[in-house]
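Per the working numbering, the sequence shown starts with residue 34, numbered consecutively. Cβ coordinates follow ideal geometry from the N, Cα and C atoms, glycine included.
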Amino acid sequence: MRDNSASRPLAIHGAAPAFKEPLHVGRPNIGDREEFLKYAEEIFDRRWLSNNGPMVQELERQIARYLDVKHCVAMCNGTVALEIAIRALALEGEVIIPSYTFIATAHALHWQAITPVFADIDPATHTLDAEAVRRMITPRTTGIIGVHLWGRGAAVEELQSIADEHGLRLMFDAAHAFACSHKGRMIGNFGACEVLSFHATKFFNTFEGGAVVTNNDQLAETMRLMRNFGFAGLDNVIYPGTNGKMIEIAAAMGLVNLHALDRVIDANLRNYRIYQRDLADLPGITLLSFDESERNNYQYVVMEVGAECPVSRDQIIQALHAENILARKYFWPGCHKMQPYRELYPHAGLLLPNTEQVADRVVVLPTGTTVSEADAATICGILRSFIKG
Ligand code: T4K
């Protein structure tokens, strides 16, 4: 029976929090500093700081090779990468997306006067439910953006057949899914194109950054032009482009962090195994599992708090925060409940029961190279004492 009285003690270990320094979700993973400083010196010596410099080109080559995809077009961040991909695909009217995603997926459409139409998710995977997508198609629909939430592949094949059947464009927001595979193929190869985020909080970061990856030559060329104001040659503008360029120092960070990827995956996997082991028998608590036959980055440890749990999700968050463990309620309350969508579509929630249920249950726990084995075990210990009472 859930205790909603909020009468439980918050800091389990007494007055002082368990961690002196806050333990964040999304603390950046940083590769070899010496290597980074060497690259920084090279950038200064070369006096080439931006505009498709050699570091950016090298990073694009290495990412394309890593993902086994033809083109990587690096950008200044994932949101601008989404906006450019959407524009390059000539999406307009209505585009179907999940509401259970980071707000940037919706804003990238709204920013361009395209209506994001929210379809419900499958509560087991937290990604778009193909049948729900089907129900949201109207004569104004031009595309679908699937999101590989938490790094787990969306229902790629089902979404592709819906898109083919209705003549829609399909692209993916793969912001969480760098270095992950779907059915044995690296994410980055699906739909017309896929968008990556290299934000500081991501598994792999370039401080700020992102990219669109695609196997379509024409699309890649269009996006390269669009990210540089539409310049084709020195004085010739052929598109209404924007400034979406990645800078050299960001690419240098990317090269350094690419070389550290395996170490980050090892740390994430080690922490995930601890959470898996130590939270296994708690009433009403489940960890979203990874398909171990795929390649995973294990970046998001997603815990769900069900009705059988004696304390609520928000009480758990409060208790963790009191211990300086800054767990997050991503992506509560869902895009449809944030502005401007809440006002534009006040009844959207009626068609999003799974989204609302999942958004009310999720707690994302800290992981990454700054969270040690002992830290993960301590977090689990705190959760165990709080939940078991
Ligand atoms: N699509 C999806 C599905 C996404 O998740 C995102 C971004 C995008 C698209 C857009 O990509 P970008 O345009 O961002 O490249 C954070 C990130 O800012 C955002 O990039 C990310 N998703 C989202 C899931 O998380 P907030 O609002 O949670 O950020 P904030 O400031 O609360 O930081 C998160 C935690 O990380 C905090 O506990 C502090 C810690 N942190 C943060 C930074 C920047 C550090 O410890 N060090 C740092 O340098 O959005």
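For residue i and residue j, what's the separation of their Cα atoms in angstroms?
i, j, result
"I298", "R173", "42 angstroms"
"Y272", "R120", "11 angstroms"
"K421", "V395", "19 angstroms"
"L302", "C413", "15 angstroms"
"E406", "E356", "17 angstroms"
"V89", "S83", "8 angstroms"
"Q217", "R94", "It is worth fixing the name first, because residue 217 is Gly in this sequence and not Gln. So the two alpha carbons sit approximately 21 angstroms from each other."
"I195", "A410", "44 angstroms"
"E341", "Q309", "18 angstroms"
"T143", "I136", "Here residue 143 is His; the residue named in the question, Thr, does not match the sequence. Roughly 11 angstroms between the two C-alpha positions."
"K278", "V289", "19 angstroms"
"E241", "M204", "22 angstroms"
"A157", "V397", "16 angstroms"
"C109", "G179", "22 angstroms"
"I117", "T247", "13 angstroms"
"T138", "E125", "15 angstroms"
"P379", "R98", "45 angstroms"
"D376", "H140", "Checking the displayed sequence, the identity of residue 376 turns out to be Glu instead of Asp. E376 and H140: Cα-Cα distance of roughly 14 angstroms."
Which residues bound the beta strand (DSSP E) around residue i?
i, result
"E424", "Any question about residue 424 goes unanswered here, given that the chain covers just 34 to 422."
"T234", "Note, T234: premise wrong, no beta strand (DSSP E); not H, not E."
"P131", "E127 to P131"
"P149", "T148 to A152"
"V344", "Taken as a continuous stretch (DSSP letters only), V344 belongs to no beta strand (DSSP E), as it is neither H nor E."
"A483", "The structure shown does not extend to residue 483, since the chain is modelled only from 34 through 422, so no value can be given for it."
For residue i, does the three-state DSSP call read helix, strand or coil?
i, result
"I220", "coil"
"K53", "coil"
"N290", "helix"
"V102", "coil"
"G184", "helix"
"F77", "helix"
"N276", "strand"
"R328", "coil"
"G179", "strand"
"G263", "coil"
"I282", "helix"
"M256", "helix"
"L92", "helix"
"V395", "strand"
"V166", "helix"
"D36", "In this predicted model, D36 has a pLDDT of only 48, less than 50, meaning its place in the structure is not dependable; the value taken from the coordinates is given anyway. Residue state, collapsed to three classes: coil."
"I350", "helix"
Who are the Cβ neighbours of residue i in its own chain at under 7 angstroms, not counting the five residues just before and after it?
i, result
"I220", "H181, G186, A207, A210, C213, S214 and E227"
"I154", "P131, Y133, T160, L161, D162, N387, T388 and V391"
"P50", "A44, A355, E356 and N357"
"G367", "S132, Y133, L385, T388, E389 and A392"
"G317", "V338, G339, A340, E341 and C342"
"N329", "G184, C213 and F323"
"L17", "This structure does not reach residue 17, given that the chain is present from 34 up to 422, and the question cannot be answered."
"V166", "I129, A152, I177, L192 and I195"
"F52", "E356, N357 and I358"
Tell me which same chain residues have a C-beta within less than 8 angstroms of the C-beta of residue i, skipping the five on either side of it?
i, result
"G274", "L258, M259, R260, N261, F262, G263 and F264"
"H292", "G64, D65 and E68"
"E91", "A284 and L288"
Give the range of the alpha helix (DSSP H) segment to which residue i is assigned.
i, result
"R202", "Element bounds for R202: not the alpha helix (DSSP H) but the beta strand (DSSP E), R202 to D206."
"G430", "Examination of residue 430 is not possible in this model, given that the chain is present from 34 through 422 alone."
"V189", "V189 to H199"
"L320", "Premise fails: L320 lies in the beta strand (DSSP E), I318 to L320, not in any alpha helix (DSSP H)."
"L377", "Y374 to L377"
"E337", "No alpha helix (DSSP H) holds E337; the beta strand (DSSP E) holding it covers V334 to V338."
Take the Cβ of residue i as the centre, count every other Cβ of all protein chains shown within 10 Å, and call the residue buried at 16 or more, exposed below.
i, result
"F223", "buried"
"F419", "buried"
"R202", "buried"
"E325", "exposed"
"E190", "exposed"
"N269", "exposed"
"M336", "buried"
"E164", "exposed"
"M34", "Interpretation of M34 is limited by its pLDDT of 43, a score under 50 that renders its predicted location unreliable; no figure is taken from the coordinates."
"E127", "buried"
"R306", "exposed"
"N276", "exposed"
"T171", "exposed"
"Q372", "exposed"
Closer than 6 angstroms by C-beta to residue i: which residues in its own chain qualify, once you throw out the five before and the five after it? Chain order, please.
i, result
"T234", "G59"
"E281", "I76, L82, G86 and M88"
"G401", "R60 and N62"
"S230", "G111, A208 and G243"
"A381", "F151 and H369"
"M286", "T239 and F240"
"R361", "V58 and V397"
Between residue i and the ligand NAP, is there a pair consisting of the residue's CB and a ligand heavy atom that are separated by less than 7 angstroms?
i, result
"S194", "Judged by which ligands are present, the ligand NAP is missing from the structure shown, whose ligands are the ligand T4K."
Got a sec: is the Cβ-Cβ distance from residue i to anything in chain B below 8 angstroms?
i, result
"D162", "Chain labels in this structure do not include chain B; a single protein chain is all it has."
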